[in-house]
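First the structure, in the form of structure tokens, and then the observations on it.
2 protein chains.
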Amino acid sequence: MTASRTSTQDDPRVDPPLYAGLTVDHSSTVDRVADELRRAVFDGELESGTPLREVALASSLGVSRPTVREALALLVTEGLAVREPHRGVSVASPDPDSVRDLCRARLVLEDAGVRHWPQAEAAARERVRTTLAAYTGAVRAGAGYRELNERHLAFHVSLVELTGSPRLVAAQESLVRELRLALAQVERIRRNAHDQADTHAELLALLEADDVPGAQAFLVRHLADAEEAILAALDLRAEEAASAGTAR
Amino acid sequence: MTASRTSTQDDPRVDPPLYAGLTVDHSSTVDRVADELRRAVFDGELESGTPLREVALASSLGVSRPTVREALALLVTEGLAVREPHRGVSVASPDPDSVRDLCRARLVLEDAGVRHWPQAEAAARERVRTTLAAYTGAVRAGAGYRELNERHLAFHVSLVELTGSPRLVAAQESLVRELRLALAQVERIRRNAHDQADTHAELLALLEADDVPGAQAFLVRHLADAEEAILAALDLRAEEAASAGTAR
DNA sequence: GAATGTCAGATTGTCGGACAATCTTACATC
DNA sequence: GATGTAAGATTGTCCGACAATCTGACATTC
Numbered sequence: 001m002t003a004s005r006t007s008t009q010d011d012p013r014v015d016p017p018l019y020a021g022l023t024v025d026h027s028s029t030v031d032r033v034a035d036e037l038r039r040a041v042f043d044g045e046l047e048s049g050t051p052l053r054e055v056a057l058a059s060s061l062g063v064s065r066p067t068v069r070e071a072l073a074l075l076v077t078e079g080l081a082v083r084e085p086h087r088g089v090s091v092a093s094p095d096p097d098s099v100r101d102l103c104r105a106r107l108v109l110e111d112a113g114v115r116h117w118p119q120a121e122a123a124a125r126e127r128v129r130t131t132l133a134a135y136t137g138a139v140r141a142g143a144g145y146r147e148l149n150e151r152h153l154a155f156h157v158s159l160v161e162l163t164g165s166p167r168l169v170a171a172q173e174s175l176v177r178e179l180r181l182a183l184a185q186v187e188r189i190r191r192n193a194h195d196q197a198d199t200h201a202e203l204l205a206l207l208e209a210d211d212v213p214g215a216q217a218f219l220v221r222h223l224a225d226a227e228e229a230i231l232a233a234l235d236l237r238a239e240e241a242a243s244a245g246t247a248r
Numbered sequence: 249m250t251a252s253r254t255s256t257q258d259d260p261r262v263d264p265p266l267y268a269g270l271t272v273d274h275s276s277t278v279d280r281v282a283d284e285l286r287r288a289v290f291d292g293e294l295e296s297g298t299p300l301r302e303v304a305l306a307s308s309l310g311v312s313r314p315t316v317r318e319a320l321a322l323l324v325t326e327g328l329a330v331r332e333p334h335r336g337v338s339v340a341s342p343d344p345d346s347v348r349d350l351c352r353a354r355l356v357l358e359d360a361g362v363r364h365w366p367q368a369e370a371a372a373r374e375r376v377r378t379t380l381a382a383y384t385g386a387v388r389a390g391a392g393y394r395e396l397n398e399r400h401l402a403f404h405v406s407l408v409e410l411t412g413s414p415r416l417v418a419a420q421e422s423l424v425r426e427l428r429l430a431l432a433q434v435e436r437i438r439r440n441a442h443d444q445a446d447t448h449a450e451l452l453a454l455l456e457a458d459d460v461p462g463a464q465a466f467l468v469r470h471l472a473d474a475e476e477a478i479l480a481a482l483d484l485r486a487e488e489a490a491s492a493g494t495a496r
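Same order as they appear, the protein sequences are chains A and B.
Residues 1 to 248 in the working numbering are what the first sequence spells out, letter by letter.
Residues 249 to 496 in the working numbering are what the second sequence spells out, letter by letter.
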């Protein structure tokens, strides 16, 4: 309620629609620390399970302990880290059950978005097209697997945006964040992202043809495939970790 | 991922299934402060828009400012309060757009739950029945409107539990929390909750008959009615506030 | 008279230090 | 082998302090 504590402020006092494109960074230190931690987690610099010590992070980042604490609390509510009372927070470790749940949940949200396609606002439909174009463009440009993941997940978020519901989009973004964590942990080993640009183009084609049931069925298959791929990679990663453990 | 920082811990070290029913309150001071604030908000003690000053709350609750800050951060992430940079946090004020979004979003989640009825686990189905029974029981017992709201919303959460997805349930609980806030603000004026026990019984009957499409259609109507009722009450409340403002 | 500059008060954002409570680990004891 | 004890580390909570920022009132300038 009373949403939008966002940056851009359209103040009614300033009459002319001037001063567009001017923005000031209103981010707090806590936000920047949280951003840095997220980046490190997504980039695989922080392996899953790694403890995030408050004092160490504070001195390392040049901020105070309360600031780090607040940032860690953010990560915890986002599901990127877990807090065990009196034991501190550590990077969350994706387990198969979590991945399965993530995929089931996002199927519900993305399916809702696809169903809304006919009634969706033109702007939302256009956003689906542009995010897909950005994805395929990145694929053709031979972008790194991290950027490909970004673009890929952005497309799936844009599907939920078809519902026009900010809260559903927020929920999807939360799911995608956790998924990104899982992917980051997986891709520390297999440093590649599937090229699924064609697959997604096919999905969009079905939508453009107003074939909603077809798009739904397509989405079900696509997400099932994705789930299977992630689980397989996760399994492979667990095996390697186990063999590394016994070898030691 | 690696969920459950919950209270009950099933430790594999203790062999006999003894010590059941023994629990220790592991809640932190922050949690208790947050609980108290939620209660005050839901009970209408704190009107929407009321600023939540850190120092005042700290001295009033007998805790330190950092503790209050952390609790307020929790409320903000839950959507029960909003933080404006350098201006502090205040109780969120439900506006019509938010209510519409909440209803649209929960329709997606609850509809997903209803669709899952045939494949849902027996325990989940049983939970729907028990929460409905608790609701109707409370209605017959002439419970207060607060308890009725609790039971009513619990039923709608139980519908999402049919999906078997913890994350979807968490999302629904978040939506319901915001809805509770809106209802609390509305009911400061009209201190009554609709008796919708019969309506919900009808929904369950459709499910028991495995008439999923019927249940879906029923749910759409029911949620549309609920949305309309809340919006009307909200409108009425806004009018009273306006007239009170001009009268002063 | 409207826009702008300035100041004081209030509140938050961030910091540093401090201490108690708790967990872990290792060691000692029965 | 189970239990008790001590040390070290880490978190949970608190206090005090200061800078940054917002608000509002007042003075200034054109």
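Just so it is clear, CB atoms sit at the ideal spot from N, CA and C, and this is done for glycine as well.
Point to revise | Residue ranges of each beta strand (DSSP E) within the region 263-342 of chain B, 3 or longer | key: 329-332 and 336-339
**Study point:** Distance between residue 107 (chain A) and residue 372 (chain B) (C-alpha atoms, nearest Å)
**Key:** For the purposes of this step, residue 372 (chain B) is identified with residue 124 of the second sequence, where counting begins at 1. For the purposes of this step, residue 107 (chain A) is identified with residue 107 of the first sequence, where counting begins at 1. For residue 372 (chain B) and residue 107 (chain A), the distance between alpha carbons rounds to 20 Å.
**Study point:** Cβ-based neighbour list, residue 343 (chain B), same chain, cut-off 6 Å, excluding 5 preceding and 5 following
**Key:** Start at 1 with the first residue of the second sequence, and residue 343 (chain B) comes out as number 95. A distance below 6 Å between beta-carbons, with the five flanking residues on each side excluded, links residue 343 (chain B) to no residue of its chain.
Check your understanding: Of the residues that make up the region 406-418 of chain B, which ones have a beta carbon closer than 8 Å to any beta carbon in chain A?
Key -> 411, 412, 413, 414, 415 and 416
**Study point:** Whole-Å CB distance - residue 74 (chain A) paired with residue 52 (chain A), under 8 Å assumed
**Key:** For the purposes of this step, residue 74 (chain A) is taken as the residue at position 74 of the first sequence. For the purposes of this step, residue 52 (chain A) is taken as the residue at position 52 of the first sequence. Between residue 52 (chain A) and residue 74 (chain A) the Cβ distance is about 12 Å, and since that is not below 8 Å, they are no contact.
Point to revise | Within chain B, partners of residue 26 (chain A) - CB distance below 8 Å | key: For this step, residue 26 (chain A) is matched to residue 26 along the first sequence. Ordered by position in chain B, the residues that pass the 8 Å Cβ test against residue 26 (chain A) are 333.
Check your understanding: So, is residue 196 (chain A) buried or exposed, given that buried needs 16 or more other C-beta atoms within 10 angstroms?
Key -> The residue you call residue 196 (chain A) lines up with position 196 of the first sequence. Burial call: buried.
Check your understanding: By how many angstroms is the C-alpha of residue 339 (chain B) removed from the C-alpha of residue 332 (chain B)?
Key -> As a working note, residue 332 (chain B) is residue 84 in the second sequence. As a working note, residue 339 (chain B) is residue 91 in the second sequence. Whole-angstrom Cα-Cα distance: 11 Å.
Practice item. Report the neighbours of residue 325 (chain B) on chain A: residues whose CB is nearer than 7 Å to its CB, in chain order. Key: Working through the second sequence from its first residue, we reach residue 325 (chain B) at position 77. Using a Cβ-Cβ cut-off of 7 Å, residue 325 (chain B) is close to 77 of chain A, given in chain order.
Review point. Where does residue 358 (chain B) land, buried or exposed, given buried means 16+ other C-beta within 10 angstroms?
Key: Your numbering for residue 358 (chain B) matches position 110 in the second sequence. Under this definition residue 358 (chain B) is a buried residue.
Check your understanding: Do you know offhand how far residue 431 (chain B)'s Cα is from residue 44 (chain A)'s?
Key -> Counting from one through the second sequence, the residue named residue 431 (chain B) turns up at place 183. Counting from one through the first sequence, the residue named residue 44 (chain A) turns up at place 44. Spanning the two alpha carbons is a distance of roughly 44 Å.
Practice item. Using a Cβ-Cβ cut-off of less than 9 Å, list which residues of the region 211-235 of chain A approach chain B; keep chain order. Key: none
Check your understanding: What is the DSSP secondary structure of residue 411 (chain B), counted as helix, strand or coil?
Key -> Residue numbering aside, residue 411 (chain B) sits at position 163 when the second sequence is read from its first letter. Coil.
Point to revise | Under the three-state DSSP convention, the category residue 121 (chain A) falls into | key: As a working mapping, residue 121 (chain A) is identified with position 121 in the first sequence. Coil.
Check your understanding: Taking Cβ positions only, does residue 431 (chain B) come closer than 8 Å to chain A?
Key -> Walking along the second sequence from the start, residue 431 (chain B) turns up at place 183. For residue 431 (chain B), the answer is no, since every Cβ of chain A falls outside 8 Å of its Cβ.
**Study point:** Element boundaries [alpha helix (DSSP H), containing residue 349 (chain B)]
**Key:** Mapped onto the second sequence, residue 349 (chain B) falls at position 101. Unbroken alpha helix (DSSP H) run through residue 349 (chain B): 344-363.
Exercise for review: Reducing DSSP to helix, strand and coil, say where residue 143 (chain A) ends up.
Suggested key: To locate residue 143 (chain A), count along the first sequence from 1; it is residue 143. The answer is coil: DSSP assigns residue 143 (chain A) none of H, G, I, E or B.
Point to revise | For residue 444 (chain B), the three-state DSSP class (helix, strand or coil) | key: Here the question's residue 444 (chain B) lines up with position 196 in the second sequence. Residue 444 (chain B) falls in the coil class under three-state DSSP.
Check your understanding: With residue 68 (chain A) and residue 58 (chain A) assumed to form a contact (beta carbons below 8 Å), what rounded beta-carbon distance in angstroms separates them?
Key -> Locating residue 68 (chain A) in the first sequence gives position 68, counting from the first residue. Locating residue 58 (chain A) in the first sequence gives position 58, counting from the first residue. Contact between residue 68 (chain A) and residue 58 (chain A) holds, since their C-beta atoms are separated by about 5 Å, short of 8 Å.
Practice item. Measure from the C-beta of residue 175 (chain A) to each C-beta in chain B and report whether the shortest distance is under 8 Å. Key: Within the first sequence, the letter at position 175 stands for residue 175 (chain A). Yes, residue 175 (chain A) lies at the interface with chain B (some Cβ there is under 8 Å from its Cβ).
Review point. Hey, how far is the Cα of residue 222 (chain A) from the Cα of residue 103 (chain A)?
Key: As a working note, residue 222 (chain A) is residue 222 in the first sequence. As a working note, residue 103 (chain A) is residue 103 in the first sequence. Going by C-alpha positions, residue 222 (chain A) is about 11 Å away from residue 103 (chain A).
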